[in-house]
Amino acid sequence: MAVFGSLSTVRAQLALDPRFKAALDYVAEAQQADSAVRRRINAVAVGATERHELAGGAFALEQAYLSKPRAEAFLESHIKYIDVQAVTAGEEIQEVVDIARMTVDVPYNAERDLIKYHDFRDTSLISAREGLVAVFFSVDGHISRAVGPAVLVRKTVVKVPVG
1 MAVFGSLSTV RAQLALDPRF KAALDYVAEA QQADSAVRRR INAVAVGATE RHELAGGAFA
61 LEQAYLSKPR AEAFLESHIK YIDVQAVTAG EEIQEVVDIA RMTVDVPYNA ERDLIKYHDF
121 RDTSLISARE GLVAVFFSVD GHISRAVGPA VLVRKTVVKV PVG
(Lines of atoms letter the chains of each structure in order from A and count residues from 1; the text may use other names and numbers.)
(Lines give C-alpha, C1' and ligand atoms only; values in the text may rest on other atoms or scores of the structure.)
Protein backbone atom coordinates (compact mmCIF):
# COMPACT_ATOMS: atom_id res chain seq x y z
CA MET A 1 0.00 0.00 0.00
CA ALA A 2 1.04 3.63 -0.43
CA VAL A 3 3.85 5.25 1.53
CA PHE A 4 3.58 8.92 2.53
CA GLY A 5 5.56 11.39 4.60
CA SER A 6 8.68 13.50 4.67
CA LEU A 7 11.49 12.49 2.36
CA SER A 8 13.49 11.10 5.30
CA THR A 9 10.52 8.98 6.41
CA VAL A 10 9.89 7.63 2.91
CA ARG A 11 13.62 6.94 2.42
CA ALA A 12 13.70 4.97 5.69
CA GLN A 13 10.66 2.91 4.68
CA LEU A 14 12.08 2.10 1.24
CA ALA A 15 15.77 1.87 2.19
CA LEU A 16 16.05 -1.84 1.39
CA ASP A 17 14.60 -1.47 -2.11
CA PRO A 18 17.29 -0.31 -4.59
CA ARG A 19 14.67 0.58 -7.23
CA PHE A 20 13.97 3.82 -5.35
CA LYS A 21 17.49 5.22 -4.97
CA ALA A 22 17.56 7.36 -8.15
CA ALA A 23 13.99 8.54 -7.62
CA LEU A 24 14.51 9.61 -4.01
CA ASP A 25 17.87 11.27 -4.79
CA TYR A 26 16.11 13.24 -7.53
CA VAL A 27 13.22 14.19 -5.18
CA ALA A 28 15.77 15.39 -2.62
CA GLU A 29 17.20 17.73 -5.25
CA ALA A 30 13.71 18.86 -6.30
CA GLN A 31 12.99 19.82 -2.69
CA GLN A 32 16.05 22.12 -2.51
CA ALA A 33 14.99 25.69 -3.32
CA ASP A 34 18.21 26.59 -5.16
CA SER A 35 18.79 23.34 -7.08
CA ALA A 36 18.90 22.96 -10.85
CA VAL A 37 16.00 20.47 -10.69
CA ARG A 38 13.85 22.91 -8.70
CA ARG A 39 14.63 25.75 -11.12
CA ARG A 40 13.69 23.48 -14.02
CA ILE A 41 10.35 22.54 -12.38
CA ASN A 42 9.65 26.22 -11.69
CA ALA A 43 10.22 26.98 -15.38
CA VAL A 44 7.67 24.42 -16.68
CA ALA A 45 4.83 26.26 -18.44
CA VAL A 46 1.39 25.91 -16.88
CA GLY A 47 -0.34 22.93 -18.48
CA ALA A 48 2.93 21.36 -19.62
CA THR A 49 4.82 18.24 -18.58
CA GLU A 50 8.52 17.68 -19.22
CA ARG A 51 10.21 14.28 -19.04
CA HIS A 52 13.70 13.69 -17.63
CA GLU A 53 15.43 10.31 -17.64
CA LEU A 54 16.92 8.98 -14.39
CA ALA A 55 19.04 5.94 -13.58
CA GLY A 56 17.65 2.40 -13.46
CA GLY A 57 14.89 2.95 -16.02
CA ALA A 58 13.13 5.56 -13.88
CA PHE A 59 12.05 8.92 -15.29
CA ALA A 60 10.61 12.13 -13.88
CA LEU A 61 7.58 13.96 -15.22
CA GLU A 62 7.93 17.60 -14.16
CA GLN A 63 4.55 19.33 -14.23
CA ALA A 64 2.79 22.64 -13.70
CA TYR A 65 -1.01 22.86 -13.69
CA LEU A 66 -4.02 24.39 -12.00
CA SER A 67 -5.50 21.99 -9.47
CA LYS A 68 -8.86 20.52 -10.50
CA PRO A 69 -12.08 19.91 -8.62
CA ARG A 70 -12.59 16.22 -7.88
CA ALA A 71 -15.36 15.95 -10.49
CA GLU A 72 -12.79 16.73 -13.21
CA ALA A 73 -10.18 14.23 -11.99
CA PHE A 74 -10.19 10.41 -12.07
CA LEU A 75 -8.93 7.49 -10.03
CA GLU A 76 -6.10 5.65 -11.72
CA SER A 77 -3.45 3.00 -11.22
CA HIS A 78 -0.44 1.70 -13.10
CA ILE A 79 1.05 -1.73 -13.77
CA LYS A 80 4.58 -1.11 -15.09
CA TYR A 81 5.56 1.88 -12.93
CA ILE A 82 5.32 2.98 -9.30
CA ASP A 83 4.57 6.70 -8.81
CA VAL A 84 6.76 8.77 -6.50
CA GLN A 85 5.00 12.15 -6.28
CA ALA A 86 6.41 15.33 -4.75
CA VAL A 87 4.71 18.74 -4.85
CA THR A 88 7.22 21.61 -4.92
CA ALA A 89 4.71 24.49 -5.00
CA GLY A 90 1.00 24.75 -4.27
CA GLU A 91 -1.09 22.12 -2.55
CA GLU A 92 -3.54 19.42 -3.51
CA ILE A 93 -5.37 16.51 -1.94
CA GLN A 94 -4.34 13.06 -3.05
CA GLU A 95 -6.69 10.18 -2.43
CA VAL A 96 -5.68 6.53 -2.32
CA VAL A 97 -7.61 3.26 -2.19
CA ASP A 98 -6.86 -0.42 -2.82
CA ILE A 99 -7.80 -1.20 -6.44
CA ALA A 100 -9.44 -4.45 -5.29
CA ARG A 101 -12.26 -2.27 -3.93
CA MET A 102 -12.92 -0.42 -7.20
CA THR A 103 -14.47 -1.13 -10.59
CA VAL A 104 -12.51 -0.51 -13.80
CA ASP A 105 -13.98 2.19 -16.03
CA VAL A 106 -11.36 2.23 -18.80
CA PRO A 107 -9.25 -0.96 -19.15
CA TYR A 108 -5.47 -0.96 -19.10
CA ASN A 109 -3.80 1.18 -21.74
CA ALA A 110 -0.28 -0.30 -22.07
CA GLU A 111 1.05 2.71 -23.99
CA ARG A 112 0.10 5.09 -21.15
CA ASP A 113 0.47 2.47 -18.35
CA LEU A 114 -2.93 3.56 -17.11
CA ILE A 115 -6.12 2.03 -15.75
CA LYS A 116 -9.04 4.37 -15.00
CA TYR A 117 -11.67 3.52 -12.40
CA HIS A 118 -15.27 4.48 -11.73
CA ASP A 119 -15.64 7.08 -9.02
CA PHE A 120 -15.18 5.73 -5.51
CA ARG A 121 -15.60 7.88 -2.41
CA ASP A 122 -14.30 5.65 0.40
CA THR A 123 -10.66 6.71 0.02
CA SER A 124 -7.89 7.81 2.36
CA LEU A 125 -6.86 11.45 2.00
CA ILE A 126 -3.32 12.83 1.83
CA SER A 127 -2.47 16.53 1.99
CA ALA A 128 0.17 16.88 -0.71
CA ARG A 129 2.35 19.95 -0.29
CA GLU A 130 5.98 20.98 -0.38
CA GLY A 131 8.28 18.77 1.67
CA LEU A 132 6.12 15.65 1.51
CA VAL A 133 6.40 12.60 -0.74
CA ALA A 134 3.77 10.02 -1.73
CA VAL A 135 4.57 6.64 -3.27
CA PHE A 136 1.75 4.83 -5.06
CA PHE A 137 2.25 1.17 -5.94
CA SER A 138 0.36 -0.91 -8.53
CA VAL A 139 -2.34 -1.81 -5.98
CA ASP A 140 -3.00 1.85 -5.15
CA GLY A 141 -5.76 3.62 -6.99
CA HIS A 142 -5.01 7.33 -6.66
CA ILE A 143 -6.35 10.73 -7.65
CA SER A 144 -5.11 14.31 -7.21
CA ARG A 145 -7.57 17.14 -6.74
CA ALA A 146 -7.88 20.71 -5.55
CA VAL A 147 -8.06 21.52 -1.85
CA GLY A 148 -10.46 24.41 -2.53
CA PRO A 149 -10.29 26.94 -5.36
CA ALA A 150 -7.83 26.10 -8.12
CA VAL A 151 -4.19 26.86 -7.32
CA LEU A 152 -1.02 26.51 -9.32
CA VAL A 153 0.65 23.19 -8.51
CA ARG A 154 4.21 22.41 -9.47
CA LYS A 155 5.29 18.85 -8.89
CA THR A 156 7.24 15.93 -10.13
CA VAL A 157 6.02 12.39 -10.61
CA VAL A 158 8.89 9.94 -10.78
CA LYS A 159 8.02 6.70 -12.53
CA VAL A 160 9.95 3.79 -10.99
CA PRO A 161 9.87 0.45 -12.87
CA VAL A 162 8.03 -2.27 -10.96
CA GLY A 163 10.31 -5.10 -12.07
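Numbering of the sequence shown is given in my numbering, commencing with residue 1 and proceeding in unit increments.
Yeah, the Cβ is synthetic: ideal placement off N, Cα and C, and Gly gets one too.
Could you spell out the range, first to last residue, of the beta strand (DSSP E) harbouring A48? Residue 48 sits at position 48 when you count from the first residue of the sequence shown. Taken as a continuous stretch (DSSP letters only), A48 belongs to no beta strand (DSSP E), as it is neither H nor E.
Which residues does DSSP pair with V135 in a beta bridge? Against the sequence shown, residue 135 aligns to sequence position 135. Note: V135 sits in a beta bridge opposite V3, V84.
Is the stretch 84 to 96 in contact with the stretch 122 to 134, if contact means three or more CB pairs nearer than 8 Å? yes
What does the Cβ neighbour count give for M1, buried or exposed, with the cut at 16 atoms within 10 Å? Here residue 1 corresponds to residue number 1 of the sequence shown, with the count starting at 1. M1 should be labelled exposed.
Helix or strand or just coil, what does DSSP make of G141? As a position in the sequence shown, residue 141 is number 141, starting the count at 1. If DSSP states are grouped into helix, strand and coil, G141 belongs with the strands.
If you draw a straight line from the alpha carbon of R19 to that of D105, how long is it in whole angstroms? Residue numbering aside, residue 19 sits at position 19 when the sequence shown is read from its first letter. Residue numbering aside, residue 105 sits at position 105 when the sequence shown is read from its first letter. Rounded to the nearest angstrom, the two C-alpha atoms are 30 Å apart.
Is the stretch 73 to 87 in contact with the stretch 139 to 151, if contact means three or more CB pairs nearer than 8 Å? yes
Please state if the CB of R154 and the CB of A48 are separated by a distance shorter than 8 Å. In the sequence shown, the residue the question calls residue 48 occupies position 48. In the sequence shown, the residue the question calls residue 154 occupies position 154. No, these two residues do not count as a Cβ contact at 8 Å.
Cβ separation of V133 and V27, assumed to be a contact under 8 Å, to the nearest whole Å: By one-based count along the sequence shown, residue 133 stands at place 133. By one-based count along the sequence shown, residue 27 stands at place 27. Contact flag correct, Cβ pair sits at about 6 Å.
CB contact flag (V157, A23, <8 Å): Here the question's residue 157 lines up with position 157 in the sequence shown. Here the question's residue 23 lines up with position 23 in the sequence shown. Not in contact: V157 and A23 (Cβ atoms no closer than 8 Å).
Put E29 into one of helix, strand or coil per three-state DSSP. Here the question's residue 29 lines up with position 29 in the sequence shown. Of the three classes helix, strand and coil, the one that applies to E29 here is helix, per DSSP.
Please determine, among L152, V162, D25, the residue with the shortest C-alpha to C-alpha distance to A45. Locating residue 45 in the sequence shown gives position 45, counting from the first residue. That would be L152, whose Cα lies nearest to the Cα of A45.
To which residues does DSSP link K159 through a beta bridge? Numbered from its first residue, the sequence shown carries residue 159 at position 159. Partner(s): F59, D83.
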